[in-house]
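Trainee: Residue numbers (my numbering), protein chains in the order written: chain A, 73 to 446; chain B, 4 to 340.
Quick reminder that beta carbons are idealized off the backbone N, C-alpha and C, glycines included.
Bear in mind the structure is a predicted one, so any value in this text is a computation, not a measurement.
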Amino acid sequence: MSDQIQAVTMPKWGLSMTEGMVAKWNAEEGSTIHKGDELVEIETTKITNVYESPVSGVLRRKVVCEGETVPIQALLAVVANLDTLESDIDDFIEQYQSSLENRLAVQDKLDPSYERVEIDGQGLRFLRAGDSGQIPLLFLHGFGGGINSWMFNQPPLSESITTYSLDLPGHGESNKEIKAGDISAMMTSVVSFLSSLNVPRVHIVGHSMGGGIALKLSLDHPELAKSITIISSIGLGREINSKYIEDFIGANRPKEMKSVLTELFANNKLVSRDMINDILKYKRLDGTTDALRRIAADVFPDGYQSLIMKDHLSQLRIPAQCIWGTEDQIVPISHTNDLPSNIVTHYVDGAGHMAHMERSGEVNRLIEELIRGT
Amino acid sequence: MPKKTFRQAVHEALAQEMRRDPTVVIVGEDISGGLGSPGEQDAWGGPQGVTKGLMPEFGRSRVLDTPISESAFIGAAVGAAATGLRPVADLMFVDFMGVCFDQIFNQAAKFRYMFGGRAVTPLVIRTMYGAGLRAASQHSQSLYPVFTHIPGLKVVIPSSPYEAKGLLTEAIRDDDPVVFFEHKTLYDVEEDVPDEAYTIPFGEANLTREGDDVSIVAIGRMVNLANEAADNLQRDNIQCTVVDPRTTSPMDEDTIIETVEDTGRLVVVDEASPRCSIATDISALVAERAFTALKGPIRMVRPPHTPVPFAPELEDAYIPNVHDICEAVRSLVGKSQ
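(1) Anything in chain B within Cβ reach of leucine 357 (chain A), meaning under 8 Å, just list it in chain order.
(2) Is there a Cβ from chain A that is less than 9 Å from the Cβ of proline 248 (chain B)?
(3) Tell me which same chain residues have a C-beta within less than 7 Å of the C-beta of serine 268 (chain A), skipping the five on either side of it?
(4) Across the stretch 64 to 77 of chain B and the stretch 32 to 45 of chain B, are there enough close Cβ pairs to call them in contact, namely three or more that are closer than 8 Å?
(5) Examine chain A for any beta-carbon lying closer than 9 Å to the beta-carbon of glutamate 256 (chain B), and answer yes or no.
(6) Quick check: the Cα distance between threonine 8 (chain B) and glycine 223 (chain B), rounded to an integer number of angstroms?
(7) Which word fits histidine 326 (chain B), buried or exposed, when buried means at least 16 other C-beta atoms lie within 10 angstroms of its C-beta?
(8) Would leucine 388 (chain A) pass as a contact of proline 294 (chain A) if the rule is Cβ separation under 9 Å?
(9) Tell me which residue opens and which closes the alpha helix (DSSP H) that arginine 224 (chain B) is part of.
(10) Methionine 82 (chain A): which of A:Lys107, A:Asn98, A:Gly102, A:Val112 sits nearest, CA to CA?
(11) If we cut at 9 Å on Cβ distances, does methionine 389 (chain B) have a partner in chain A?
(12) Buried or exposed for aspartate 394 (chain A), please, with buried defined as at least 16 other CB atoms from any protein chain shown within 10 angstroms of its CB.
(13) Kindly indicate the opening and closing residues of the alpha helix (DSSP H) around lysine 315 (chain A).
(14) Do we get a CB-CB distance below 9 Å when we pair leucine 210 (chain B) with the residues of chain A?
(15) Here's a check: name, in chain order, each residue in its chain whose Cβ is nearer than 8 Å to the Cβ of lysine 288 (chain A), leaving out the five neighbours to either side.
(16) Based on DSSP bridge pairs, tell me the residues matched to cysteine 243 (chain B).
(17) Let me see if you follow: with CB-CB separation under 9 Å, is lysine 353 (chain A) close to chain B or not?
(18) Could you have a look at glutamate 187 (chain A) and say whether DSSP puts it in helix, strand or coil?
(19) What does a CB cutoff of less than 8 Å around valine 289 (chain B) pick up in its chain, not counting 5 residues either side in sequence?
(20) Please confirm whether glutamate 213 (chain B) has its beta-carbon closer than 9 Å to some beta-carbon of chain A.
(21) Would you mind telling me which residues of chain A sit closer than 9 Å to aspartate 207 (chain B), beta carbon to beta carbon, in chain order?
(22) Could you tell me which residues DSSP puts in a beta bridge with valine 80 (chain A)?
(23) Round the Cβ separation of leucine 336 (chain A) and isoleucine 405 (chain A) to the nearest angstrom and send it over; I've been treating them as touching at under 8 Å.
(24) Using a cut-off of 9 Å between C-beta atoms, extract the partners of proline 204 (chain B) located in chain A.
(25) Candidates B:Phe76, B:Pro204, B:Glu213: which alpha carbon is nearest cysteine 103 (chain B)'s?
(26) Is the Cβ-Cβ distance between histidine 213 (chain A) and serine 237 (chain A) less than 9 Å?
(27) Decide if the stretch 126 to 133 of chain B is in contact with the stretch 180 to 192 of chain B; the criterion is three or more beta carbon pairs, one per stretch, under 8 Å apart.
(28) Quick one: Cα of glycine 282 (chain A) to Cα of glutamine 179 (chain A), how far?
(29) Would you mind listing the alpha helix (DSSP H) stretches within the stretch 56 to 138 of chain B that are 4+ residues and don't spill past its ends, in chain order?
(30) Taking beta-carbon pairs under 7 Å, can you tell me which members of the stretch 176 to 190 of chain A lie near chain B?
(31) Does the pairing of the stretch 206 to 220 of chain A with the stretch 236 to 251 of chain A give three or more beta-carbon distances under 8 Å?
(32) I need the straight-line Cα distance from proline 148 (chain B) to serine 280 (chain A), nearest angstrom please.
(33) Using a Cβ cut-off of 7 Å, pull out every chain B residue sitting near histidine 345 (chain A), in sequence order please.
(34) Please confirm whether tyrosine 165 (chain B) has its beta-carbon closer than 9 Å to some beta-carbon of chain A.
(35) Are the C-beta atoms of glycine 169 (chain B) and some chain A residue less than 9 Å apart?
(36) Looking only at DSSP bridge pairs, what is alanine 392 (chain A) linked to?
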């Protein structure tokens, strides 16, 4: 592998990303880098994130300077051996650049598209990505989230495993008319979703409220879950930042929404105009506010969590892990105290409630390792 | 999210609100076509085909083709709104409002005030505006400042398909008379638009670009030109904020002031005639409320004070363009090209 010349290219985060800007290089030309190193910070209209090197070797050439904006798939850097000839690197760059249009066309064809499924008269939107014969991976987002919550997780993980994400009832572009908003009702929808797609078993990754759904599903339907990863999950203790829930439901103007969303992150610079606009677009849809109120009333009545499953978790007979950003302001990190020993807890520094976005590389690696261990 | 044209977005807002609320009716000239004739029904659907398909679904009692008499059908719509319906009247070209202006500014705009708050007038007047279609001076004006001038009217100028659907839905559900401006060159523009109904509140500006150097406030179709200018300028490291006020009445004054306080420089882009326009209005607002934040003069990009020319070359020269906007911005940051 290391005798090849390897390309580092602009990643595609989320279906709508078409280009990105190289904000900052974290390595110099001539330095040795390893797969997983934080190589470059990339800014999109939605979010700024660190891109981890997909390859190991010597960083021989930076093709894109800081401040430059290039399309997805564009060549950012060349990684090779120390003794690879400069002229070979020049040839490699020239060849890559001349094939960029073809690559973009291929990417276009490979891109998954949103699908819909009807469950008990309720339309759910989902995204299927990746294609492998193994047991697939299911993402369950948190309160007010959606498919896009997994923009840094679903694309990379779908390279090795089939993945599904969905807009839970009342969320995203799924139906807003919900009969009940509690964890059991949402779990039932997820179970029906899986059976309608003929998926008998999944690895589950659940964030926050989605973590609560994941836990409930694993306990009530052990045959469906192959492994479970929960991130800043509910279901482990009574407390929840109820002011955040209320403010999120009430915020209808960009400025209000911005101050609400900054609570989710350790680094509040991550909240971009596009992120705010995407959430406002969702919140403007008829029925959204009612649905969110209904869910909040059922899941967090009187500002406290209604379903605590901590005492039952030792019954889980599947690999299970719990991931928590050390700066979480929404669900207290103290809820990870006294978890049964069958659940491994990982704390993620420099992350708030959205560890899977803020430290996506680390979280993706933990998810992959758990799946591989099964 | 599916891509839809501006035309589809407006059609969808009308159809969804007509399904949701049986009091929503639409009236106007040739909005269906074929009334009283033995020939093809619904052959026309308005000059842009926006309303085509509504008559077959909702019937002639809710999709009313009218004679060519704006003073009659706008007056009828005002009366219907005051007595329990939610009419959406199609004024075709805003240039025609001269003959029905009394109904709009002396009647509809005044009912709530003169009846002591005991009357509501949930009327929407959809109308086409703007130059660029070689339609000559009687079919190309941008007359939204005239309506913005009248207390009691709400004035909405969407810049894109997403904006159009959400703002029209809000307009139909609003209890006051709303004049809804559609730029005739935007109908084929495409954008992601949700299938579900949604509303965008009035009086809430949208920032379509964010940058520290210059604020560009643009109206209606001009928002798209301002965005393009901002993207071009970014390549020269000039960062612009672009503000789309969405509605000129009510106007989100605070957002405009806040962004000018951040950047210290203002360019206003307005397709309306240059005197007593939205550009002059916003300039006065900023001069009054944020004068000390300004690092240089306010620049207005607008057409000359003439009728819209018919000769294609002259019409093109008349309409503010991306180059004009870029030059106005460059003149403020001292990087002229």
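Mentor: Put simply:
(1) Pro197, Glu199, Ala200, Tyr201
(2) False, the Cβ-Cβ gap to chain A never drops below 9 Å.
(3) Val189, Ile191
(4) yes
(5) no
(6) 16 Å
(7) exposed
(8) yes
(9) Arginine 224 (chain B) -> no alpha helix (DSSP H), and no H or E assigned at all.
(10) A:Val112
(11) Shown here, chain B extends from 4 to 340; a query on residue 389 (chain B) therefore has no answer.
(12) It should be pointed out that residue 394 (chain A) corresponds to cysteine in this sequence rather than to aspartate. Buried, by the Cβ-count rule.
(13) 314 to 322
(14) yes
(15) Ile255, Ser256, Met259, Gly307, Leu379, Met381
(16) B:Val217
(17) yes
(18) strand
(19) Ile259, Ile260, Val263, Leu269, Leu297, Ile301, listed in sequence order.
(20) Yes - at least one Cβ of chain A is within 9 Å of the one on glutamate 213 (chain B).
(21) The sequence given here places glutamate at residue 207 (chain B); aspartate does not occur at that position. Within chain A, the residues placing a beta-carbon under 9 Å from that of glutamate 207 (chain B) are Asn324, Arg325, Pro326, ordered along the chain.
(22) A:Ala149
(23) Their Cβ separation, rounded to whole angstroms, is 14 Å, which puts leucine 336 (chain A) and isoleucine 405 (chain A) out of contact at 8 Å.
(24) Asn324, Arg325, Arg356
(25) B:Phe76
(26) Contact: yes.
(27) Yes: at least three Cβ pairs fall under 8 Å.
(28) 30 Å
(29) If we require 4 residues or more, the alpha helix (DSSP H) runs fully inside the stretch 56 to 138 of chain B come out as 57 to 61, 73 to 85, 114 to 117.
(30) Within the stretch 176 to 190 of chain A, no residue qualifies.
(31) yes
(32) Spanning the two alpha carbons is a distance of roughly 49 Å.
(33) Inspection of the sequence shows that residue 345 (chain A) is occupied by arginine rather than by histidine. The contacting residues are Leu210, Glu213.
(34) Closer than 9 Å: yes.
(35) Yes, glycine 169 (chain B) counts as interfacial toward chain A.
(36) A:Ile300, A:Ile415
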